[in-house]
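**Q** In case it helps, my numbering puts the sequence shown at residues 2 to 244.
By construction, the Cβ of each residue, glycine as well, lies at the ideal position given by its N, Cα and C atoms.
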Amino acid sequence: MSLPAFASGHTKMFSKVQLGSILAEFIGTFLLAFFAITGTVALLFQDNFFNQILVCLYLGTITFLATFFSYQISGSHYNPAISVGFFIANRIGINRLIAYVCTHLIGGVLAVALVSYLFSQKTGTLSGMFTKPVTLIHKEGLMLSTICQSVLMFIVLLLFLGLTYLKKSKLYVASIMAVTVFMANFVNLSITNYPLNPAITAAELLLYGNHQAIEALSLWLSPFAGAGLAGIIYYITFIRPIN
Numbered sequence: 002m003s004l005p006a007f008a009s010g011h012t013k014m015f016s017k018v019q020l021g022s023i024l025a026e027f028i029g030t031f032l033l034a035f036f037a038i039t040g041t042v043a044l045l046f047q048d049n050f051f052n053q054i055l056v057c058l059y060l061g062t063i064t065f066l067a068t069f070f071s072y073q074i075s076g077s078h079y080n081p082a083i084s085v086g087f088f089i090a091n092r093i094g095i096n097r098l099i100a101y102v103c104t105h106l107i108g109g110v111l112a113v114a115l116v117s118y119l120f121s122q123k124t125g126t127l128s129g130m131f132t133k134p135v136t137l138i139h140k141e142g143l144m145l146s147t148i149c150q151s152v153l154m155f156i157v158l159l160l161f162l163g164l165t166y167l168k169k170s171k172l173y174v175a176s177i178m179a180v181t182v183f184m185a186n187f188v189n190l191s192i193t194n195y196p197l198n199p200a201i202t203a204a205e206l207l208l209y210g211n212h213q214a215i216e217a218l219s220l221w222l223s224p225f226a227g228a229g230l231a232g233i234i235y236y237i238t239f240i241r242p243i244n
């Protein structure tokens, strides 16, 4: 296949996904990543517990606002694992899946770049500002992290799929998902020190870089496992056509 033909084919593929949907997903993911990462480096309290609460409040609040204002535009995924689960559940097509996942990862990386720039300008160096505890020291910790993220993402996605299946109002969906995201991230941060979002995790791993390859892969891939299982269960149980 020639390069022009390849480019033309991909242009047609992405043209099937409305630009408004991609823009909404980018803004939502960028804001989630920006405030989550900012909350971990701009410590406002002496107690880590309150800082963790603050980060989860950021995530819950942004999730509510982004879902409320763009739920009917893009579906309010803001998380590549959510998009993968929706694809497996036959709720979105391959075009939207690729567009969304790329958008989420780009949004997360750009948020990291902005936070890095802002804090390096303020402190003159990134050393000491961007340090994150390594929690996966032992195999037991790695297993606990993997199970934790998989189970939490399974719950979050299955709830999201159920709410959209029942066609609840955007205020109802936004409120329930905000509370769910807050609680899921509070548990996940307590165990892994990372938010329950592969887009943010990938960006943070690029920033901190203090994990071995197996640890990084576990942190990044385990939410997809939970999302995939939720998508399979939904597909078997409800079987809805692609939107």
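(1) Using alpha carbons as the reference points, say which of Tyr79, Gln73, Ile93 lies closest to Gly201.
(2) Note down the Cα distance separating Trp221 from Ala203, rounded to an integer number of angstroms.
(3) Under the rule that 16 or more other beta-carbon atoms within 10 Å means buried, what is Val56, buried or exposed?
(4) Please confirm if Ser117 has its CB atom under 8 angstroms from at least one CB of chain B.
(5) Do Ala25 and Ala228 come within 8 angstroms of each other at the CB atom, strictly closer than that value?
(6) Taking the alpha helix (DSSP H) that Ser176 belongs to, which residues open and close that run?
(7) Spatial neighbours of Leu206 within its chain, please: C-beta separation below 6 angstroms, excluding the five flanking residues on both sides.
(8) Assign Ala114 to buried or exposed, taking buried as 16 or more other Cβ atoms, counted over all protein chains shown, within 10 Å of its Cβ.
(9) On the three-pair Cβ rule with 8 angstroms, is the segment 82–96 touching the segment 176–183?
(10) Taking 6 angstroms as the limit between beta carbons, can you name the residues of its chain near Phe155, skipping five residues before and five after?
(11) Within 10 angstroms of the Cβ of Gln150, are there 16 or more other Cβ atoms? Answer buried if so, exposed if not.
(12) Determine, using beta-carbon pairs with one atom in the segment 67–77 and one in the segment 157–173, whether at least three such pairs fall under 8 angstroms.
(13) Taking just the CA atoms, how far does Leu32 sit from Thr62?
(14) Grouping DSSP H, G and I as helix and E and B as strand, with all else coil, what is Asn96?
**A** Checking against the coordinates, here is how it stands:
(1) Before going on, a small fix: residue 201 reads as Ile here, not Gly. Nearest option by C-alpha distance: Tyr79.
(2) 6 angstroms
(3) buried
(4) Considering every chain present, this structure includes no chain B. It has just one protein chain.
(5) no
(6) 171–193
(7) Ala217
(8) exposed
(9) no
(10) Gly227, Leu230, Ala231
(11) buried
(12) yes
(13) 10 angstroms
(14) helix
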